[in-house]
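According to my numbering, the sequence shown holds residues 951 to 1373 in order.
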Amino acid sequence: MLFRSVYLIKSSRIGFSQGLLQYTTKATKRPNVWVVTDGGIESTLQAVTVGKRLGEFNVKTIQSSQFIRVLPMVLQKYIVDWGTKRNMTTTKSLPWYLSGDSTEAGPPPDYVVCSGNNAVPGALQVAQSYPPKQVFSVFLGFTNLPFIHFDQVVIPKYEANVKMAKLGPLVIQKNCIVTEVPLLDTALLPLTGKSKQLCDDLLHAFSTKEKKDTTVVVIGGHTSQCRWYSEDAVNLVHNMKKMVTHLGSNLLVIFTEKTPLSIKQTITNTISKSIPEHDTKVVTWDTTQEGLTSLERIEAYDNLIHKASRVVVTADLDYATAHATMKRKPVYVTFGGQCRGHLLQFQRWLRDQRLTRKLRLDRKHKPSHHPKQQPLVDPYSYLGHHPSFAVAAKVFAPATMDHVIHELETIRQEKITGKRRQD
């Protein structure tokens, strides 16, 4: 009897140690995360920010084809359902209604983090290609698709208040996490080979200058919530001219995927005609040019914003504006007067929090007559004496990101185990 009890104790200890070793091995293995985006700067930045916190991420650019992009999102979802039921994912190539990276490369995903409306069919395709409990799908932002088709949807409050009215009251959205602020990260994305070469090439023209002051101008495009046109683009170039001639700054103009071709041509033509020495003082970068992956593109973008002396952003780029404030740079917003809806609410909130200022170049180009107030005078936003910029890392509290990651991990465990959370 004594021998049997000793044997049971030893067996339980061995079983406990093996279970502890197995649990430790599983706990240290990070989940595989597929970041599915449409290749845009804002959507990829946002998705990578969440994806790298969830596990080992792999960025995949998967877009809907031009044919189905004109259809409502619900019909696009039906096409994806039809395609997966016909086992069209057995080949390495994407089905006819999708374009982009292969879904066969890399380990199978535990999470699928999606951002960008054009990437929704690709994310649904990936999620439906695996067993239901294997993949946990997360969409960042708002899409014209019932949220029930994703495991979780994360959306900032300023966007949810306006856009979710058509889906009913906010309180009845079950699988939705509404955050007070956008999800941001202070960490700088490391440069790889191609992205490092691109940054060096873009900034090489400014490296020989005695004055290293560099202003990055990020250009978006016309939207229903922020309507600006070619005439506004010409006025922006006139402000760029003042930055070069009166304020002695070098300019790096970045065109995003939202910038129409007509706006690009208007800005580049006006720069060449009106800004003297534009060949050496103004550099443009079109982010839609081929040769870089989506990850390499945002690596270069993130580091260019980090190296800038200040950032000028068009008001339609809400996430890019918030991202620039996290780099501890002076951020100036142009075309804010054309905003409406959730963009107007968000841009006003940023100004109230002292994170951004309106772009108004000083017309007189003279220093203040009050030496004690000189530090408060801003030649890039000349009306009034401004208090210093606030620290964005304190306004965009890190606890928001921690809360979202904790919720996603907990809800995923509920889906896998079938057991409800205890807290």
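In this text, a Cβ means the ideal position worked out from N, Cα and C, and glycines have one as well.
DSSP lists no beta-bridge partner residue for R1177.
Counting along the chain, I1169 sits inside the beta strand (DSSP E) bounded by residues 1164-1169. M1276 places its beta carbon 8 Å or farther from that of A1349. A direct Cα-to-Cα measurement between Q1288 and N1185 gives close to 14 Å.
Excluding the 5 residues flanking it on each side, L1139 has same chain C-beta neighbours closer than 6 Å at E1249, D1252, in chain order. Bounds of the beta strand (DSSP E) holding I1012 are 1006-1014. If you ignore the 5 residues before and after Y1080, its C-beta comes within less than 8 Å of the C-beta of P1058, P1059, all in its own chain and listed in chain order. Just so you know, the alpha carbons of D1163 and I1029 end up roughly 51 Å apart. Considering only G1368, R1278, M1351, the residue with the shortest C-alpha distance to K1002 is M1351.
Note: T1129 is bridge-paired with P1106 in the DSSP secondary-structure output. CA-CA distance, Y1330 to V1281, rounds to 10 Å. Note that the C-beta distance between K1279 and V1261 is below 8 Å. Between V998 and V985, the C-beta spacing is below 8 Å. In terms of Cα proximity to D1229, the closest of R1036, A1155, V1063, M1193 is A1155.
By the CB criterion at 8 Å, V1088 and Q1102 fall inside the cutoff. Rounded to whole angstroms, the separation of the alpha carbons of N1189 and R1310 is 8 Å. Each residue's CA atom was taken as its position, placing I1018 and K1208 some 19 Å apart. Around the Cβ of H1172, a 10 Å sphere holds 16 or more other Cβ atoms; the residue is buried. In the three-state reduction of the DSSP assignment, N1200 falls in the strand class. Comparing alpha carbon positions, the residue from E1054, S1052, A1077 closest to C1064 is A1077. In the DSSP annotation of this structure, the continuous segment of the alpha helix (DSSP H) that includes C1149 starts and ends at 1143-1157. With 16 or more other CB atoms across the displayed protein chains lying within 10 angstroms of its CB, L1048 is buried. Contact check for R1304 and F1339: beta-carbon distance about 6 Å, within the 8 Å limit, so the pair qualifies. In this structure, G1050 sits near G1072, with a CB-CB distance shorter than 8 Å.
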